[in-house]
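Take a look at the structure below.
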Amino acid sequence: MIEIPKTYDPKEGERQHYERWEARGYFAPEINQDPNAPMFSIVIPPPNVTGSLHMGHALQHTMMDVLARYKRMSGYRTLWLPGMDHAGISTQLMVTRDLKKEGLTRHDLGRDKFVERVWKWKEQYGGQILNQMRQEGVSVDWSRFKFTMDEDLSRAVREVFVRLYDEGLIYRGNRIVNWCPNDQTVLSDLEVQRDPQKGKLYYLRYPFKNRDGAVTVATTRPETMLGDTAVAVNPNDERYASLIGEVLVLPIVNREIPIVADEFVESEFGTGAVKVTPAHDPNDYEMGKRHNLAEVAVIDRFARMTEEAGADFAGLDRYKARELVIEKLEALNLLEKTDDYEFSISKCERCKTVIEPLISTQWFCRMDQLRDLALAKLRDEGKPRFVPRVPYEKVYADWLENLRDWTISRQLWWGHQIPAWYTKDGDVIVARSVEEARQKAGTDDLTQDEDVLDTWFSSALWPFSTMGWPDETEDLRTFYPTSVLITGRDIIFLWVSRMMMTGLKFMGAEAFDDVYVHGTITDKHGQRMSKTKANGVDPLDVFEKYGVDATRLTLASAGATDMRWNDKHVESYRNFANKIWNAARFCLMNAEGGDSGDAPFANREQLPLHDRWILSRLNRTAGAVKQQLDTYDFHGVVQTLYHFFWDDFCDWYIELSKASVTADTPSPDRSLARARLFSILEQALRLLHPFMPYLTEELWQKLPVKHAMFLHPAYRGAEPTIMLAAFPEEDAALIDERAETEMQAIIDLISRVRNIRSEMNIKPGDRIQLMIAAKADLQPVFAASTDQIARLTRAKEVSVDGHTDMPKASARAVLAGGAEVAVPLEGLIDFAQERARLVREKEKLQKEAGKLEAQLGNADFVARAPAEKVEELRARVTDIGQRTTALDQMLEALS
RNA sequence: AGGCGCGUAGCUCAGGGGUAGAGCACUACCUUGACACGGUAGGGGUCUGGGGUUCAAAUCCCCACGCGCCUACCA
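Here it is, written out as structure tokens:
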């Protein structure tokens, strides 16, 4: 007898097991000794160096770990590659904030010192998430850990940059961009968020130069009028048709500007005439290009007015300038009116500062060729396969279709400095290194471009840069393309699509076969968890309270849909973990003799029903689990495992085995029963392991079984651990329909008797007598199980025959299929109560029969529904009829 | 403004043309030799509303309402 505590304490094993797994190299693909093993690989979406573990991480890490462990146990050469992202802007902001506390700016330090400081910060605080990840139990290969700023990854970045530049896909240009006046850098469209905003719509009058009157334009940003170089109207707008080509005098600045015609203008909006500020609005910029308009920059990089805005304005903040413009226009009687107006405004995703569109020289990446590669892959091969396919495949494709050039330079110091150098004459040399640049330029007198690359540029190369590209490494040959990417929907554009494009371009193959897009964990009100709202739940707290395994089950069961977080969920899975613990506890308490014999389920035909049944259920479960894992049905697979373990194994199999297992005297039968119990438990633990790594390892190690025997052949010789044991596969030969049907009859019978006990208020300690009447086919089934039936219904006597004459004073029930059971209750039965119970029973049946008969009475149904459907209904009606008749007889007997 | 998703038991969610499901919560009984983080038996839903297709709709289609997300060049 092996004694373990009554309650599972998750903390005990968590650290210890993880350290052992890691130390022994179980996470590395090299543990697999089968040269022909199939491959499975995942690269982790690298968390930001500034980050700490949140629910989103815990969710996706759980899912990745489930898959990695499942595949590893199934004999796949499995690589889950971990890493971290340098997170350009976020990290630079973090360190800048630190400096501010010391009263310093980054400029006080200078670039080199600042970057040095960021590295130091990274060593000290960065990557705390990595230790938190260890707690989650993630089976990542830490020996392959990568950081996006590692030298090898930086080399890949430069290589890609040079190749794209040489092909003309990367270029430097002067264009309107999103500028963050706070972070002092350009941002890509994807790093800008649109927020609804309550503001005003100002109607400004611009007088004609050569005639009386004025044209009124509407704007939300009157301060930009100082930079206007035209007014545009729709060419089909009759109101303005005759005015096209006329000249207006821009108030305050007194610049002469033309009225131009452009399709872009919506006649219905405002006055149908639009002021055009090419230097400060993306649309106006495009219009300016179309009409050859001057670009007058009136706002600078600090969102202050420039000299160009005029002496009264120069140096003013953009919002102060707005007030002054309005003031001046009012004085000139050129402000027609002001309306309240709600619109959306672009903000910096990081610091929430309002973006200022500016014309600036930046590096851009042309996306057309890359986009076409990705679209062709999707169209021709259906790759990547999105799960769920709807809506993500369409979202992905639509975005690609409308892709515009990507602004890849950033005015930051933390990141990959752009591998471009300038000669004194201003020639641009793009090269892999300064040496190469010097060689190309023929001079040493070069200055490197100050800017760094968008963080997502290096992320885009992640699946192959981490595996050694541009070298042709063994890892690339083995693990690329990766098997699946697990990610949230917020980075499909920022990251997923870009990895796909660069993978196709530089590896000639998709970055991953499948993309699984998981749901979002929200707070109980359905709100996104966020730091600013302070509504987040810290996964580490949850681990502490309920254990890692329970948390993992909760997260896995969320699947692809959003889930409102509630500790109750984790609590129920904590209870499940405890249930598993105690089922094992029962087995271990009855361990003696259970380790005898390696094939406890031999001679299958002679096995007791419950043994054949549990084998069938186990194999069915294994089949379902495989099918569900292979289709990323995380929610489904958790349900499957939960119900198999709790309902089938605990509620029925253990209970049905108890008589044999707990027999007082040792016997071959007892040993065999114990061995069978261990066998099922052992396999169940293996099925559960990908989800509950700690608990299953803890228990598996305690089982009195020959552990090495269960290792997957690919790991033969390894120190036994459940994480390298073979994942149970369905053996179709062990699926036993007959056993399941017969077992169902017994379960029904027991449930009905228990129902009688409960409804008739029979005291738990009272032993009852059971009389079962069954047809010839079921008689032997019940007869063979009378001991177990007696045990589970607390009966002292069970008889089975064809048609017993039931005593009048008995509570009775009729089972599906026609078997009847009676519980004689001489002196105990309350006839009125029993009648009421039977009437309720009958009413239920009649309600169902009513529906069925109505359907069968419908000629159309009988004529058009599939014949087997009609047959099925008829059979059900017949069955209900028989049971009703039986109930009537019972009622009659009671009257 | 468009696109998409969702609306199922008090709560959180599965399911998805043919007998409405789970967990939690609730009721009653039970400390039965694994587990009260447990056992047994129950109660509870006209599957948001309205139309349509069909022999049959919670499920498919249309409309409405409510909620959420994404995309966007209406100043």
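Just so we're aligned, residue 59 is where the first sequence starts under this note's numbering, counting upward by one.
Positions of the beta carbon are idealized from the N, C-alpha and C atoms, including for glycine.
Per DSSP, which one or two residues make a beta bridge with Ser418? For the purposes of this step, residue 418 is taken as the residue at position 360 of the first sequence. Paired residue(s): Arg233.
Quick one: give me the first and last residue of the alpha helix (DSSP H) that Lys866 is part of. Mapped onto the first sequence, residue 866 falls at position 808. In the DSSP assignment, Lys866 falls outside any alpha helix (DSSP H), carrying neither H nor E.
Measure the Cβ-Cβ separation of Met558 and Ala432 and say whether it is below 7 Å. Within the first sequence, residue 558 is the residue found at index 500, counting from 1. Within the first sequence, residue 432 is the residue found at index 374, counting from 1. The answer is yes: Cβ separation under 7 Å.
When you compare only the Cα positions, how much space is there between Ile814 and Arg895? To locate residue 814, count along the first sequence from 1; it is residue 756. To locate residue 895, count along the first sequence from 1; it is residue 837. Straight-line Cα distance between these residues: approximately 9 Å.
Beta-carbon proximity list for Tyr84, same chain, < 7 Å, skipping 5 on both sides: Against the first sequence, residue 84 aligns to sequence position 26. So the list reads Thr779, Met781 and Leu782, once near-sequence residues are dropped.
Taking the C-alpha atoms as reference points, what is the distance between Gln759 and His165? As a position in the first sequence, residue 759 is number 701, starting the count at 1. As a position in the first sequence, residue 165 is number 107, starting the count at 1. Each residue's alpha carbon lies about 58 Å from the other.
How far does the alpha helix (DSSP H) with Glu851 in it reach, from first residue to last? Reading the first sequence from its first residue, position 793 is the one you call residue 851. Just to set this straight, residue 851 is Thr in the shown sequence, not Glu. Taken as a continuous stretch (DSSP letters only), the alpha helix (DSSP H) holding Thr851 covers Thr844 to Thr851.
Less than 8 Å between the CB atoms is what I'm expecting for His37 and Met131, so what's the real figure, rounded? Nothing can be reported for residue 37, as the shown portion of the chain is limited to 59 through 953.
Considering only the beta carbon of each residue, do Thr274 and Tyr260 sit closer than 7 Å? As a first step, residue 274 is located in the first sequence; it is residue number 216 there, counting from the start. As a first step, residue 260 is located in the first sequence; it is residue number 202 there, counting from the start. No, the Cβ-Cβ distance between Thr274 and Tyr260 is not below 7 Å.
Strictly by DSSP, which residues pair up with Asp398? Taking the first residue of the first sequence as 1, we reach residue 398 at position 340. Lys258.
Can you tell which of Val124, Ser541 and Glu508 has its C-alpha closest to the C-alpha of Pro521? Residue numbering aside, residue 521 sits at position 463 when the first sequence is read from its first letter. The shortest Cα separation from Pro521 among Val124, Ser541 and Glu508 belongs to Ser541.
With C-beta atoms as the reference, is Glu568 less than 7 Å away from Lys435? The residue labelled residue 568 in the question sits at position 510 within the first sequence. The residue labelled residue 435 in the question sits at position 377 within the first sequence. A contact, by the Cβ cut-off of 7 Å.
Roughly how many angstroms separate the alpha carbons of Gln182 and Val176, rounded to a whole number? Here residue 182 is taken as the residue at index 124 of the first sequence, counted from 1. Here residue 176 is taken as the residue at index 118 of the first sequence, counted from 1. Whole-angstrom Cα-Cα distance: 10 Å.
Is it right to say Phe702 is buried, meaning 16 or more other beta carbons lie within 10 angstroms of its own, or is it exposed? The residue you call residue 702 lines up with position 644 of the first sequence. Per the 10 Å Cβ criterion, buried.
If you pair each beta-carbon of the segment 228-245 with each one of the segment 117-130, do three or more pairs fall below 8 Å? As far as the Cβ criterion goes, the segment 228-245 does not touch the segment 117-130, which means the pair count is below three.
Near Asp295, what residues of its chain come up, given a Cβ to Cβ distance below 7 Å and the 5 sequence neighbours on each side ignored? To locate residue 295, count along the first sequence from 1; it is residue 237. So the qualifying residues of the chain are Ser325 and Gly330.
Can you tell me which of Arg547, Leu137 and Ser816 puts its alpha carbon nearest to the alpha carbon of Pro446? Taking the first sequence and counting its residues from 1, one reaches residue 446 at position 388. For the set Arg547, Leu137 and Ser816, the Cα lying nearest the Cα of Pro446 is the one of Arg547.
The segment 466-486 in contact with the segment 503-511 per 3-pair CB rule at 8 Å: yes
Between Val289 and Val334, how many whole angstroms is the CB-CB distance? I'm expecting something under 8 Å. Within the first sequence, residue 289 is the residue found at index 231, counting from 1. Within the first sequence, residue 334 is the residue found at index 276, counting from 1. Val289 to Val334, Cβ: 6 Å. Contact.
Just list the residues that DSSP pairs Thr545 with in beta bridges. Here residue 545 refers to the residue found at position 487 when the first sequence is read from its first residue. Answer is Val575.
On the DSSP bridge list, what partners appear for Pro316? Taking the first residue of the first sequence as 1, we reach residue 316 at position 258. Bridge partners of Pro316: Val305.
If you count every other CB in all the chains shown that lies within 10 Å of the CB of Ser615, and 16 or more means buried, which is it? Position 557 of the first sequence, counted from the first residue, corresponds to residue 615. The residue in question, Ser615, is buried, as its Cβ has 16 or more Cβ neighbours within 10 Å.
Tell me, to the nearest whole angstrom, how far the beta carbon of Ile738 is from that of Tyr711; I am working on the premise that it is less than 8 Å. Translated into the one-based positions of the first sequence, residue 738 becomes position 680. Translated into the one-based positions of the first sequence, residue 711 becomes position 653. Right, the Cβ-Cβ distance comes to about 7 Å (below 8 Å), so this counts as a contact.
May I ask you to list the residues that DSSP assigns as paired with Arg297? As a working mapping, residue 297 is identified with position 239 in the first sequence. Beta-bridge pairing links Arg297 to no other residue.
Would you identify the three-state DSSP class for Met621, choosing helix, strand or coil? If you number the first sequence from 1, residue 621 lands on position 563. Strand at Met621.
Alpha-carbon spacing of Ala680 relative to Ala944, whole angstroms: Locating residue 680 in the first sequence gives position 622, where the first residue counts as 1. Locating residue 944 in the first sequence gives position 886, where the first residue counts as 1. One C-alpha to the other measures close to 40 Å.
To the nearest angstrom, how far is the alpha carbon of Ile820 from that of Pro882? Here residue 820 is taken as the residue at index 762 of the first sequence, counted from 1. Here residue 882 is taken as the residue at index 824 of the first sequence, counted from 1. Looking at the two C-alpha atoms, the distance is approximately 12 Å.
Do you know how far the Cα of Trp471 is from the Cα of Gly231? For the purposes of this step, residue 231 is identified with residue 173 of the first sequence, where counting begins at 1. For the purposes of this step, residue 471 is identified with residue 413 of the first sequence, where counting begins at 1. For Gly231 and Trp471, the distance between alpha carbons rounds to 21 Å.
Whole angstroms are fine: how far does the CA of Asp572 sit from the CA of Glu174? Along the first sequence, one-based indexing puts residue 174 at 116. Along the first sequence, one-based indexing puts residue 572 at 514. C-alpha separation (whole angstroms): 39 Å.
Taking the alpha-carbon positions, what's the Val323 to Val332 distance? Stepping through the first sequence from its first residue, residue 323 is reached at position 265. Stepping through the first sequence from its first residue, residue 332 is reached at position 274. About 7 Å.
Measure the C-alpha to C-alpha separation of Ser201 and Ser715 and round it to an integer number of angstroms. The sequence position of residue 201 within the first sequence is 143, counting from 1. The sequence position of residue 715 within the first sequence is 657, counting from 1. Ser201 and Ser715 have their C-alpha atoms some 47 Å from each other.
Distance, Arg135 Cα to Asp253 Cα: Translated into the one-based positions of the first sequence, residue 253 becomes position 195. Translated into the one-based positions of the first sequence, residue 135 becomes position 77. One Cα belongs to Asp253, the other to Arg135, and the distance between them is close to 47 Å.
Excluding the 5 residues flanking Glu740 on each side, which residues of the same chain have their C-beta closer than 8 Å to its C-beta? Counting from one through the first sequence, the residue named residue 740 turns up at place 682. Within the same chain, Glu740 has close Cβ partners Trp758, Leu761, Val763 and Phe768.
Quick one: what does DSSP say Thr409 is sitting in, helix, strand or coil? Numbered from its first residue, the first sequence carries residue 409 at position 351. Reading off the sequence, residue 409 comes out as Cys, not Thr. Three-state result, Cys409: coil.
Can you tell which of Phe889, Pro724 and Pro924 has its C-alpha closest to the C-alpha of Glu950? The residue you call residue 950 lines up with position 892 of the first sequence. The candidate whose alpha carbon is nearest that of Glu950 is Phe889.
Candidates Glu755, Asn292, Ile310 and Pro340: which alpha carbon is nearest Phe327's? Position 269 of the first sequence, counted from the start, is the residue given in the question as residue 327. The candidate whose alpha carbon is nearest that of Phe327 is Asn292.
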